[in-house]
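Heads up, the thing below is written out as structure tokens.
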Amino acid sequence: MEATRPFSLDCPYPILSKAPCYNYFMLGLVGVSFSVKHGKSVKNVLNDVTFSVNDGELVVITGPNGSGKSTLAKIIAGLEVPTSGKILLNNEDITAKSCTDRARLGIAFSFQQPVTFKGLTVKDLLTIAATGNETILSGDTDNIDKLLLKVGLDPELYMDRELNASLSGGEQKRIEIASVIARNADFTIFDEPEAGIDIWSFSKLINVFKAMLKENPKRSIIIISHQERIMKLADRIFVMEKGKIVKQGSRDAVLSTMEIAK
Ligand SMILES: Nc1ncnc2c1ncn2[C@@H]1O[C@H](COP(=O)(O)OP(=O)(O)OP(=O)(O)O)[C@@H](O)[C@H]1O
Ligand SMILES: [Mg+2]
1 MEATRPFSLD
11 CPYPILSKAP
21 CYNYFMLGLV
31 GVSFSVKHGK
41 SVKNVLNDVT
51 FSVNDGELVV
61 ITGPNGSGKS
71 TLAKIIAGLE
81 VPTSGKILLN
91 NEDITAKSCT
101 DRARLGIAFS
111 FQQPVTFKGL
121 TVKDLLTIAA
131 TGNETILSGD
141 TDNIDKLLLK
151 VGLDPELYMD
161 RELNASLSGG
171 EQKRIEIASV
181 IARNADFTIF
191 DEPEAGIDIW
201 SFSKLINVFK
211 AMLKENPKRS
221 IIIISHQERI
231 MKLADRIFVM
241 EKGKIVKQGS
251 RDAVLSTMEI
261 AK
């Protein structure tokens, strides 16, 4: 990917500028570690994770269960606090910022396990999520309808449903994805968006990601996924194992090593 900002040698974090074109990046993690205490022992969930994601880039993070992918996503969104290390957004250190502040700065996060909100309808959620997104809020509910259609839900049937356990897992996941699209954020993280989504709707989901990038060429997206079809959308793929990024490179370079490993 070409850098979309002017080239400069003034990268304040030289560790992140080793790769070409990453003197300027939208998101940077520098030496991020996260440990939790289990009785007397300490578990290192993330261990010295360093990477950057450029403007307009789609990065897929993959790796075995328990390798730390969701924890990494939560740390970027501000839902967990790293034990050490820094998180940068547009060269600004946001490590100490709350998840609300980060949301205001343009980070949106779609949970692996969607959260339900009793008493709130689908329409309420999507309207709240779209706050500040004039494109969606102008023109009554038409645009909310379109959001639901994008994720394959019939607006007539779902708009007024309450966000509770009566929605199936796949429906909750689609509504969660629609709410993140509504946010129209510059930096979006999807944690296993394919989870619970049937194979027939999978192509639709792929089109959602393509459309998000096309709509705003400066938008960056991280997708955590185990799916090869999603990996094939990536500019770069990161592979995590035991809290570390053990491999990162262009889609083709990483996918070819995975094929060898099959
Ligand atoms: N607050 C916590 N307390 C104890 N253990 C934790 C905590 N947060 C994460 N872990 C552990 O850290 C490891 C990484 O969890 P994480 O959810 O990030 O994995 P993951 O790569 O997303 O896995 P999956 O593919 O199953 O979603 C797991 O072993 C998990 O149990
Ligand atoms: Mg996970």
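Just so it is clear: in the sequence shown, position 204 is 204 by the numbering used here, and no numbers are missing.
A virtual CB, placed ideally from N, CA and C, is assigned to each residue, including glycine.
Just so you know, these numbers come straight off a predicted model, no measurement behind them.
Run of the beta strand (DSSP E) containing residue i, from where it starts to where it stops
{"i": "residue 88", "result": "84–89"}
{"i": "residue 220", "result": "220–224"}
{"i": "residue 248", "result": "244–250"}
{"i": "residue 58", "result": "58–62"}
Cβ neighbours of residue i in the same chain (closer than 7 Å, five flanking residues each side left out)
{"i": "residue 198", "result": "170"}
{"i": "residue 47", "result": "33, 243 and 244"}
{"i": "residue 51", "result": "29, 238, 245 and 248"}
Cβ pair residue i, residue j closer than 8 Å
{"i": "residue 194", "j": "residue 227", "result": "yes"}
{"i": "residue 163", "j": "residue 120", "result": "yes"}
{"i": "residue 225", "j": "residue 60", "result": "yes"}
{"i": "residue 54", "j": "residue 220", "result": "yes"}
{"i": "residue 68", "j": "residue 36", "result": "no"}
{"i": "residue 77", "j": "residue 102", "result": "yes"}
N-terminal and C-terminal residue of the alpha helix (DSSP H) that residue i is part of
{"i": "residue 124", "result": "122–129"}
{"i": "residue 264", "result": "Because the chain is modelled from 1 through 262, residue 264 falls outside the range shown and cannot be assessed."}
Coil, strand or helix - residue i by DSSP
{"i": "residue 189", "result": "strand"}
{"i": "residue 167", "result": "coil"}
{"i": "residue 267", "result": "No statement about residue 267 is possible, as the shown extent of the chain runs from 1 to 262 and does not include it."}
{"i": "residue 254", "result": "helix"}
Residue i, buried or exposed, once every other Cβ within 10 Å from all chains shown has been counted against 16
{"i": "residue 184", "result": "buried"}
{"i": "residue 174", "result": "buried"}
{"i": "residue 27", "result": "buried"}
{"i": "residue 207", "result": "exposed"}
{"i": "residue 257", "result": "exposed"}
{"i": "residue 217", "result": "exposed"}
Own chain partners of residue i with C-beta closer than 6 Å, once the 5 adjacent residues on each side are dropped
{"i": "residue 129", "result": "179, 182 and 183"}
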